[in-house]
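Take a look at the structure set out below.
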Amino acid sequence: MLIWVVLLFAGTVGAQSPEVLVKHPSSSETDYRAYLMADSGLISPTRYLLRHRSKREARQKLMNAFAEAQKAFLGDQTDSAKRQFSAVTELALSEDWELLDREILLTSFLRLAQLSEGEARRGYLVKSLAFADGAKLDESLFPPPLLEEWRELKRKLTYQTPVIKGLGTDWSTVLINGAVCDPHHCPALPIIDEPIRITWISDSWQTQSTILKLSELETYQPKLQPWLEGTCQNPQFAKNLPFAKRRAFFSLQCEQPKTLTLSDLKPKASPKLFDEPIPEKKKPFYKSPWVWAGAATIVAILIANQNKKNGSERREPTTTYGY
C-alpha cells in the first residue's frame with residue numbers, strides 16, 4: 010500500500026507543465042509530427058492526456074476507499090468489508106484508471122468474489138476480467154480454490170480485439186477501462202455482457218468518454234469537436250482546453266509564438282549603444298521541421314512498402330479466442 014501511495018504522488022511533485030502543440034484538423038499529419046520532433050519542448054495533446062488520464066483527487070478517493078476496505082477485511086468484519094469493497098468497485102467506470110489503479114480494482118472484485126457465493130461470486134469474477142489486462146495480481150492474498158476458479162473462467166471465455174471507427178485517423182488512442190488501445194496494439198477483451206468505459210483521444214479533436222458494451226463499440230461514432238479552429242493569424246482554441254500552455258499548429262509555413270512564462274517577462278540587459286550588432290545564431294539543421302518532414306515522409310514510404318510486402322505474405326488475425 011505504501012508503494013502505491015508513493016508512486017501516486019511521485020509524478021506530481023516538481024513537474025513542470027509542458028507546452029502542448031494543438032493540431033488543426035486540416036493540417037498535415039506528417040508536417041505536424043515533423044514540427045514536434047524539431048522542438049523537444051513541445052508535446053502532443055495525446056501524450057499530455059495520457060499522462061493526466063485520471064484526476065489526482067479521484068485517485069486519492071480510490072486509495073482511501075481501498076484502504077478502508079482492507080482494514081475491515083483484515084479486522085474480520087465481513088459485512089463491512091463487502092460494503093467497503095463494493096464502494097471501491099463502484100468507482101470502476103468513473104475514470105480512465107492507470108495500471109496501479111486497475112490492479113486495485115482487480116483485487117477488490119476478487120475480494121468480493123471471495124466473500125460471496127453462487128451467482129454473485131461468479132459475477133464478481135467475470136467483472137474482474139475487465140480490469141485484468143496487464144495487471145499483476147498478488148496471488149498470495151487469495152485462497153487457491155478461488156484462483157483456480159478465476160483461471161478456469163479466463164480460459165473458457167472468448168476474447169476479441171475490438172474494431173474501433175476512426176482509430177489511427179481521427180483518433181490517435183482509445184482507452185478501454187483505462188487500458189491503451191492504439192493503431193499498433195489493442196488488447197483483446199473478454200466478450201462479457203458488462204459495460205466498459207471508452208475514451209477517445211486525439212491531437213485535433215476534443216476528448217470524448219462514454220460507457221457502453223463491447224458489442225456496441227464497433228458501430229459507435231463519437232462527436233468530432235475540434236480543439237482548434239480559426240486561422241494561422243487568428244487561432245481560436247476550445248473554451249474547455251485542458252492545457253495551460255498551448256501552441257497552435259496549422260502548417261509549417263505558419264509560425265506561432267511561444268506561450269509566455271514568468272522567465273520570459275523578466276527584464277533583459279540592453280545592448281550597449283554603438284556596439285557591433287550581434288549576428289543571429291542559426292538554428293541547427295536537425296532542429297528544422299523541414300528536415301524532419303522529409304525524413305518522416307521517407308520513413309512513411311518505407312513502412313508502407315514493407316507493410317505491403319508483409320501483407321502479401323501473411324495476414325494477422327484480429328480475433329483471439331481462449332486464453
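The working numbering runs 9 ahead of the 1-based position in the sequence shown. Just so you know, even glycine gets a beta-carbon here, dropped at the ideal spot from N, CA and C. These numbers were taken from a predicted model, which means no experiment stands behind them.
Note the first and the last residue of the continuous alpha helix (DSSP H) segment covering residue i.
i	result
Lys232	No alpha helix (DSSP H) contains Lys232, which DSSP labels as neither H nor E.
Arg62	Element bounds for Arg62: n/a, residue is neither H nor E.
Gln262	Here Gln262 belongs to no alpha helix (DSSP H), and DSSP marks it neither H nor E.
Glu158	153-165
Gln93	87-98
Glu104	No alpha helix (DSSP H) contains Glu104, which DSSP labels as neither H nor E.
Pro247	Going by the sequence as given, residue 247 is Ala instead of Pro. Where Ala247 is concerned, there is no enclosing alpha helix (DSSP H), given that its DSSP letter is neither H nor E.
Ala47	38-47
Taking the beta strand (DSSP E) that residue i belongs to, which residues open and close that run?
i	result
Gly132	Segment 127-137 is the alpha helix (DSSP H) holding Gly132; no beta strand (DSSP E) there.
Ile220	217-222
Thr208	204-210
Val29	28-32
Leu184	182-185
Leu237	237-239
Gln189	Gln is not the amino acid found at residue 189; the sequence shown has Val there. Start and end: 188-190.
Phe258	255-258
Hey, would you say residue i sits closer than 8 Å to residue j, going by beta carbons?
i	j	result
Pro54	Asp212	yes
Lys163	Leu138	yes
Ala81	Ser117	no
Ser260	Ser36	yes
Ile205	Trp180	no
Ala74	Ala96	yes
Leu226	Ile200	no
Leu115	Leu146	yes
Leu184	Trp214	no
Gln230	Lys174	yes
Arg62	Glu107	yes
In whole angstroms, give me the CA-to-CA distance for residue i and residue j.
i	j	result
Asp142	Gly127	25 Å
Asp110	Gln262	43 Å
Leu11	Glu112	Low per-residue confidence applies at Leu11: pLDDT is 44, beneath 50, and the placement is therefore not dependable enough to give any value.
Phe42	Glu157	First, the amino acid is wrong: residue 42 is Arg here, not Phe. In a straight line, the C-alpha of Arg42 is about 47 Å away from that of Glu157.
Thr170	Asn243	42 Å
Thr182	Leu58	10 Å
Ala101	Ala129	18 Å
Phe140	Asp105	11 Å
Glu38	Arg56	15 Å
Met46	Ala247	25 Å
Glu238	Gly177	21 Å
Ser224	Thr167	13 Å
Thr329	Leu51	The pLDDT assigned to Thr329 is 37, lower than 50, so where the model puts this residue is not dependable, and the model offers no usable value.
Ser26	Pro154	48 Å
Lys222	Leu71	24 Å
Lys136	Asn186	12 Å
Ala188	Gln245	32 Å
Lys195	Ala257	This sequence places Cys at residue 195; Lys is not what is there. Those two C-alpha atoms are separated by around 30 Å.
Asp40	Asp202	43 Å
Gln86	Glu161	29 Å
Gly4	Lys64	Beyond the ends of the chain as shown, which are 10 and 332, falls residue 4; an answer cannot be given.
Ser125	Phe151	13 Å
Tyr133	Ile220	19 Å
Arg131	Gln69	29 Å
Ser149	Ala76	18 Å
Thr228	Ser49	38 Å
Lys165	His193	27 Å
Arg60	Ala144	18 Å
Thr240	Tyr44	18 Å
Trp159	Val172	27 Å
Please check if any C-beta of chain D sits within less than 8 Å of the C-beta of residue i.
i	result
Arg120	The structure shown contains no chain D; it is built from a single protein chain.
Inter-stretch contact at 8 Å, needing at least 3 Cβ pairs: the segment 82-98 / the segment 121-134: yes
Does the segment 237-257 come close enough to the segment 29-45 that 3 or more CB-CB pairs lie under 8 Å? Touching, per the Cβ criterion.
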